Amino acid sequence: MNFMIEIKNNTKELHLASEKSGFIKRLLEGKATKEGYIEYIFNLHAMYEAIETSLDSHLSEEGIKEFATKELYRAELIKKDLEVLAGDKLSEMKLLPSTEACIARINQVNKEYPELLSTYAYVRFIADLFGGRIFPGVLTKVYGIPDNALNYYKDVNIGDVREYVMNYHKKFEKLNLSEDMQKLFGIEISNVYIYNMAISNELDVKLYSSN
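First residue of the sequence shown? That's 2 in my numbering, and the numbers climb one at a time after it.
Below you can see the structure in the form of structure tokens.
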């Protein structure tokens, strides 16, 4: 079985759970708040910054530089949104403990198994290409987010999305990971989904546990 198909099959439930739980679920149902959304992307920004900085530190290394796809980087775009939405309050905001744990793990992977940074790129970057098309309409209609604060979801110049994703998958086929590294890869993919859920669920409890 193709390596990435096996990974996808093994993480199917985690993938669905990360999309349909916690703050994300509440946001899409129209039951969150604008302030909650601001805090959510504040935490996302820190995660993206860690992923992108880590990838950029290995631009000379085969098997890692392939995933430093600048056209999919989101940190600077989210920062623009935060500057519009949070303004001066941005300097007072603090990361969730789950976000700090995720960043610590990214930094650890960067030092110990940098080839596994591709798992974080895969889950976050590729998810945005598909899921990102759902959010702008909801954010505008339900939460009144202005267009100049939706940079995170702006279309990237990659042509056909499905073709791009297929070519992205082919990058993994060229990695030639050892059997042990393939196992670690599968585990790390699961870790990324788990961190995503932890951030979403922690924020949901923090903001809405009394509801």
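We treat Cβ as the ideally placed atom computed from N, Cα and C, and that holds for glycine. None of these values were measured; they are calculated from a predicted model.
| Item | Value |
| --- | --- |
| Coarse secondary structure for H16, derived from DSSP in three states | helix |
| Continuous beta strand (DSSP E) assignments of at least 3 residues falling wholly in the stretch 56-141 | none |
| Pairwise C-alpha distance: G64 and K175 | 8 Å |
| Where the alpha helix (DSSP H) through N192 begins and ends | E180 to Y209 |
| Residue closest to K168, alpha-carbon to alpha-carbon, out of Y144, T70 and E101 | It should be noted that the sequence gives Asn, not Lys, for residue 168. The option with the nearest alpha carbon to N168 is T70. |
| Residue of L73, S58 and M198 minimising C-alpha distance to V166 | L73 |
| Unbroken alpha helix (DSSP H) run spanning V162, endpoints | V162 to E174 |
| Alpha-carbon spacing of E67 relative to N3, whole angstroms | 19 Å |
| CB contact flag (V206, V124, <8 Å) | no |
| Segment limits, alpha helix (DSSP H) that includes N10 | F4 to N11 |
| Unbroken alpha helix (DSSP H) run spanning I159, endpoints | Careful: I159 lies outside any alpha helix (DSSP H) and carries neither H nor E. |
| Beta-carbon proximity of L140 to L151, cut-off 8 Å | yes |
| Segment limits, alpha helix (DSSP H) that includes L1 | Residue numbering for the chain in the displayed model covers 2 to 212; residue 1 lies beyond these limits and cannot be assessed. |
| Assumed close pair I6, I52 - CB separation to whole angstroms, cut-off 8 Å | Wrong, their Cβ atoms sit about 24 Å apart, outside the cutoff. |
| E27, buried or exposed, once every other Cβ within 10 Å from all chains shown has been counted against 16 | Checking the sequence shown, residue 27 turns out to be Arg, not Glu. Flag for R27 reads buried. |
| Exposure label - A105; buried when at least 16 CB within 10 Å | exposed |
| Closest residue to G138 among Y41, E14, L29 and A122 (Cα-Cα distance) | L29 |
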